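In our numbering, the protein residues as written are 779 to 1007.
C-beta: ideal position from N, C-alpha, C; glycine also.
Note that the structure is a prediction, hence the values are computed from the model and not measured.
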């Protein structure tokens, strides 16, 4: 395999994988899922889901990549030609996820700019729904074209292209060494700031005073495994 498709160091690989594993779902979605599924009690089914499904799938994916050094569909075809369609489930799933992830990244980019002057005003919910999304109760709202979001999405895709078209180490490797540590610094700052907001104690009580009886609820276990996926 050419150097273009090889990591320059173990650190680059580990940081890139950590950044991939964290993802938007574990930053944007996880707090909501935790709060709505028993608070601190949710950690038990979540850890079980990690051990039973997350870790095995992680080992499978990395093991296939290390041994076959090819795309997942091609690797599955090498294992069994008739099972190649299973290998396509992963890239198709990633493509579907990226359809709405790119939109969320566009929102994020817009809010980064707005954050410098608190551009969402006194009512963030109304601004997001009415001004940014221009949401409508009619079915025609589903096909509305919003230029500012389209431009933000285009910029996010151009950034992704600029990073990914380079050599693996020169592109993703170097970016991971900067952005992944920065992510953890930002998350610590967000947590510290959130503790100063109204209602912070309510969240802490939910976290450290869990309702253990909810562990008998099948839906909580489904939510935990769904979060891993």
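Practice problem: Using 10 angstroms around the beta-carbon of residue 991, count the other beta-carbons present and answer buried if the total reaches 16, otherwise exposed. | Solution: Here residue 991 refers to the residue found at position 213 when the chain shown is read from its first residue. By the 10 Å Cβ count, residue 991 comes out exposed.
Quiz item: Under the rule that 16 or more other beta-carbon atoms within 10 Å means buried, what is residue 998, buried or exposed?
Solution: Residue 998 sits at position 220 when you count from the first residue of the chain shown. With 16 or more Cβ atoms within 10 Å of its Cβ, residue 998 is classed as buried.
Quiz prompt | Element boundaries [alpha helix (DSSP H), containing residue 855] | solution = Counted from its first residue, the chain shown places residue 855 at position 77. Residues 850 to 857.
Exercise. Taking the CB atoms as reference points, tell me whether residue 1003 and residue 827 lie closer together than 7 Å.
Key: For the purposes of this step, residue 1003 is taken as residue 225 along the chain shown, with counting starting at 1. For the purposes of this step, residue 827 is taken as residue 49 along the chain shown, with counting starting at 1. Contact: yes.
Exercise. Enumerate, from N- to C-terminal direction, the unbroken beta strand (DSSP E) stretches of 3 or more residues contained entirely within the region 873 to 933.
Key: none
Self-check item: Rounded C-alpha distance that separates residue 966 from residue 800
Solution: As a working note, residue 966 is residue 188 in the chain shown. As a working note, residue 800 is residue 22 in the chain shown. Approximately 14 Å, taken between the alpha carbons.
Practice problem: Consult DSSP for residue 801 and reduce its assignment to one of helix, strand or coil. | Solution: As a first step, residue 801 must be located in the chain shown, where it is residue number 23. Coil.
Self-check item: Contact check, residue 841 vs residue 958, beta carbons under 7 Å
Solution: Here residue 841 refers to the residue found at position 63 of the chain shown. Here residue 958 refers to the residue found at position 180 of the chain shown. Against a cut-off of 7 Å, the Cβ pair of residue 958 and residue 841 comes out as no contact.
Quiz item: For the alpha helix (DSSP H) that residue 988 lies in, which residues bound it at each end?
Solution: Looking up residue 988 in the chain shown gives position 210. It is not in any alpha helix (DSSP H) - residue 988 carries neither H nor E in the DSSP assignment.
Quiz item: Which term fits residue 979, buried or exposed, when burial requires 16 or more other beta carbons within 10 angstroms of its beta carbon?
Solution: Here residue 979 corresponds to residue number 201 of the chain shown, with the count starting at 1. By the 10 Å Cβ count, residue 979 comes out exposed.
Quiz item: How long is the line joining the alpha carbons of residue 947 and residue 964, rounded to whole angstroms?
Solution: Walking along the chain shown from the start, residue 947 turns up at place 169. Walking along the chain shown from the start, residue 964 turns up at place 186. When rounded, the distance between both Cα atoms is 24 Å.
Practice problem: Determine the extent of the alpha helix (DSSP H) in which residue 846 is found, giving its start and end residues. | Solution: Within the chain shown, the letter at position 68 stands for residue 846. Looking at the DSSP string, the run of the alpha helix (DSSP H) that includes residue 846 is 833 to 846.
Quiz item: When the Cα atoms are used, what is the spatial distance from residue 884 to residue 928?
Solution: Mapped onto the chain shown, residue 884 falls at position 106. Mapped onto the chain shown, residue 928 falls at position 150. Spanning the two alpha carbons is a distance of roughly 8 Å.
Self-check item: Where residue 815 falls, given that 16 or more other Cβ within 10 Å makes a residue buried
Solution: On the chain shown, position 37 is the one that residue 815 refers to. Buried is the call here.
Quiz item: Can the beta-carbon of residue 836 be found less than 7 Å from the beta-carbon of residue 954?
Solution: Looking up residue 836 in the chain shown gives position 58. Looking up residue 954 in the chain shown gives position 176. Not a contact, by the Cβ cut-off of 7 Å.
Self-check item: Local Cβ density within 10 Å of residue 899, reported as buried at 16 or more and exposed below that
Solution: Position 121 of the chain shown holds residue 899. Residue 899 should be labelled exposed.
Self-check item: Through-space distance from residue 982 to residue 970, alpha-carbon basis
Solution: On the chain shown, residue 970 is found 192 positions in, with the first residue counted as 1. On the chain shown, residue 982 is found 204 positions in, with the first residue counted as 1. In a straight line, the C-alpha of residue 970 is about 13 Å away from that of residue 982.
Practice problem: For residue 809, name the three-state secondary structure that DSSP assigns. | Solution: The sequence position of residue 809 within the chain shown is 31, counting from 1. Here residue 809 sits in helix by DSSP.
Quiz item: Around the C-beta of residue 824, are 16 or more other C-beta atoms found within 10 angstroms, so that it is buried, or is it exposed?
Solution: As a position in the chain shown, residue 824 is number 46, starting the count at 1. By the neighbour-count rule (16 or more Cβ atoms within 10 Å), residue 824 is buried.
Quiz item: Between residue 938 and residue 879, what straight-line distance do the alpha-carbon atoms span, to the nearest angstrom?
Solution: Position 160 of the chain shown, counting from 1, holds the residue named residue 938. Position 101 of the chain shown, counting from 1, holds the residue named residue 879. Cα-Cα distance, rounded: 12 Å.
Practice problem: Measuring alpha carbon to alpha carbon, tell me which of 933, 910 and 934 ends up nearest residue 923. | Solution: As a position in the chain shown, residue 923 is number 145, starting the count at 1. The option with the nearest alpha carbon to residue 923 is 910.
Self-check item: Rounded straight-line distance, which links the Cα of residue 889 to that of residue 833
Solution: Here residue 833 is taken as the residue at index 55 of the chain shown, counted from 1. Here residue 889 is taken as the residue at index 111 of the chain shown, counted from 1. Their backbone Cα atoms lie some 34 Å apart in a straight line.
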